[in-house]
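In our numbering, the protein residues as written are 620 to 860.
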């Protein structure tokens, strides 16, 4: 492969063996960097489960459930900041760190939940989870994990898209409009085979607007399907001039 000498401006041919070696070094370095940015989910030894689904994991850390499908009790443990925390909330909760902070504050403000445990580093999370009876947390993949279980995360298979046939717009509380309070409410909807909304869980967003969003979403109608389906939706509230 022809290359240019930066000092002389002349081209020279790089030997194939050297080129392959450089490519191999680059690929290895990129792989290590990618691995270093991955995380793993850990649990206390007392937790029965060896795996956890994405939906279970999301529900636990969004304080919507405190037990897994197998009956194991779990307590979520978060890191306060850093790339591990940013990666977890982005890849597993579909949020960013500021949004998840506001979400937790909203739960505390409305009395729906207490603030989850927050620690400062991988080691602090590891030690806490190892000593607890039923804690679940997250670490860098490069961190050793003695005394805890590493849970496999199962990605649920998509059951196909459901088309929204009837949409009822939420009733925007007049007082909130007058105060200019806006936001987005994220919901997890369970759709019956015939298309009605069986249930609506609040995943995030402005908790003050959540009740109106749930009330409207429960009136929506989707296209039929062979089985029950779970989907996520976002409902915006914006003050119009």
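Idealized CB from N, CA, C, for every residue including glycine. Here the structure is a predicted model, which is why all the values come from computation and not from measurement.
Item: Segments of 3+ residues assigned as beta strand (DSSP E) that fall wholly inside the segment 667-747; Value: 670-672, 694-698, 736-738
Item: Other residues of its chain near residue 667: CB distance less than 6 Å, five sequence neighbours each side excluded; Value: 689, 691
Item: Alpha carbon of residue 830 to alpha carbon of residue 763, nearest angstrom; Value: 43 Å
Item: Burial state of residue 768 (16 or more Cβ within 10 Å); Value: buried
Item: Close-in-space but distant-in-sequence residues of the same chain around residue 795 (CB under 8 Å, 5 per side omitted); Value: 827, 828, 856
Item: For residue 810, the nearest candidate out of 727, 679, 753, 820 (CA to CA); Value: 820
Item: Whole-number beta carbon distance between residue 854 and residue 803, since they are thought to touch under 8 Å; Value: 7 Å
Item: Rounded C-alpha distance that separates residue 740 from residue 661; Value: 14 Å
Item: CA nearest to the CA of residue 812, picked from 675, 780, 822; Value: 780
Item: As assigned by DSSP and simplified to three states, the class of residue 833; Value: helix
Item: Close beta carbons around residue 773, own chain, < 6 Å, minus the five adjacent residues each side; Value: 670, 672
Item: Residue 835 versus residue 765 - alpha carbon distance; Value: 48 Å
Item: Cβ shell of residue 665 (< 6 Å), same chain only, five flanking positions each side left out; Value: 752, 753
Item: Residues that DSSP places opposite residue 661 in a beta bridge; Value: 756, 769
Item: Residue 851: first and last residue of the uninterrupted beta strand (DSSP E) it sits in; Value: 848-856
Item: Exposure label - residue 816; buried when at least 16 CB within 10 Å; Value: buried
Item: Assigned secondary structure, residue 761 (DSSP; H/G/I helix, E/B strand, else coil); Value: coil
Item: Residue 583, buried or exposed, once every other Cβ within 10 Å from all chains shown has been counted against 16; Value: Nothing can be reported for residue 583, as the shown portion of the chain is limited to 620 through 860.
Item: Start-to-end residues for the alpha helix (DSSP H) that takes in residue 794; Value: 793-797
Item: Nearest candidate by alpha-carbon position, reference residue 786, set 709, 759, 838, 799; Value: 838
Item: Collapsed DSSP secondary structure at residue 800 in the structure displayed; Value: coil
Item: Within 8 Å, strictly: CB atoms of residue 714 and residue 823; Value: yes
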